[in-house]
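Student: One structure coming up, written as structure tokens, with questions to follow.
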Amino acid sequence: MLHSFRNCSVRLLVNSARFSQASSSSQPQSPQLFNGEIPTKDIEKRFTLSSGPGGQNVNKNPTKAEIRFNLAKAAWLSEELKKALSEKYASRINNQGEFIIESDRTRERHLNLADCFDKLRCSIYEVQENLYARQETEEDTEILRKRAAEAAQHRLAEKRRLSVKKQFRTASVDM
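Just so you know, the sequence shown maps onto residues 77 to 251 in our numbering.
In structure tokens:
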């Protein structure tokens, strides 16, 4: 579920550019898109002892980071995004309606905290991308059909060229 967050940063830039282009098109404008900013004052941060390797550091220092916020009270998210997040990530929401993300990837608590925020940001972008995905038009399908036909012609022409080349190699020489 939250496994593809490491390669998220480039995708975020592309998605935000696409969302800004989509809002200027003829489609109806989507309400309050998430811009990537997470107000940290609304997020509760906790640190606990981490599991796994690390020697005495793991036993002494709380390095596992956890962030949580009440999804219903998050004014920085639109109602549509809140609903979509609660549907997609229902297992990350507790009985009090708090959205919880944890990280213990590293031995450093500040890196784990940054990883939690990265996971949250990526999950919001992922839900937003699916929520406001552009619908394919007839013009788009026609363009894709033409591209497929051109690719097929190119493939067949290349096949014929290689076939002639092989025939030329094996042609018998009459003397």
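Ideal Cβ positions, reconstructed from N, Cα and C, are used throughout, including at glycine. All of these numbers come straight from a predicted model, not from anything done at the bench.
If you drop the 5 nearest sequence neighbours on each side, which residues of the same chain put their C-beta closer than 7 Å to that of Asn188?
Tutor: Thr139, Lys140, Ala141, Ser179, Asp180, Arg181, Thr182, listed in sequence order.
Student: Please confirm whether Glu174 and Glu113 have their CB atoms less than 9 Å apart.
Tutor: For Glu174 and Glu113, no; Cβs fall outside 9 Å.
Student: Under DSSP, the beta strand (DSSP E) around Arg210 begins and ends at which residues?
Tutor: First-last for Arg210: undefined, no H or E at that position.
Student: If you count every other CB in all the chains shown that lies within 10 Å of the CB of Leu161, and 16 or more means buried, which is it?
Tutor: Under this definition Leu161 is a buried residue.
Student: With Glu113 as the anchor, note down where its alpha helix (DSSP H) starts and where it stops.
Tutor: Unbroken run through Glu113: none, as it is neither H nor E.
Student: Just the Cα atoms here: how many angstroms apart are Gln97 and Glu234?
Tutor: Confidence is the limiting factor: at Gln97 the pLDDT is only 45, short of 50, which leaves the residue's position unreliable and the question unanswerable from this model.
Student: Starting from the Cα of Ser154, find the closest Cα among Val203, Glu215, Pro129, Arg223 and give me that residue.
Tutor: Among Val203, Glu215, Pro129, Arg223, the Cα nearest to that of Ser154 belongs to Val203.
Student: Would you give the residue range spanned by the alpha helix (DSSP H) that Asn133 belongs to?
Tutor: From DSSP, the alpha helix (DSSP H) with Asn133 extends over 132 to 136.
Student: Quick check on the DSSP output: the beta strand (DSSP E) that includes Ala141 runs from which residue to which?
Tutor: Element bounds for Ala141: 140 to 146.
Student: Using the Cα positions of Ala209 and Ala225, report the straight-line distance between them to the nearest angstrom.
Tutor: Using only the alpha carbons, I get a separation of about 26 Å.
Student: Just mark Ser102 as buried or exposed, buried being the case when its beta carbon has 16 or more other beta carbons within 10 Å.
Tutor: Only weak support is given to the placement of Ser102: the predicted model assigns it a pLDDT of 45, under 50, and the value that follows is read from those uncertain coordinates. That one is exposed.
Student: Does the Cβ of Ser239 have 16 or more other Cβ atoms within 10 Å, making it buried, or fewer, making it exposed?
Tutor: The residue in question, Ser239, is exposed, as its Cβ has fewer than 16 Cβ neighbours within 10 Å.
Student: Going by other Cβ atoms of all chains shown within 10 Å of its Cβ, with 16 needed for buried, is Leu147 buried or exposed?
Tutor: Buried, because 16 or more other Cβ atoms sit within 10 Å of the Cβ of Leu147.
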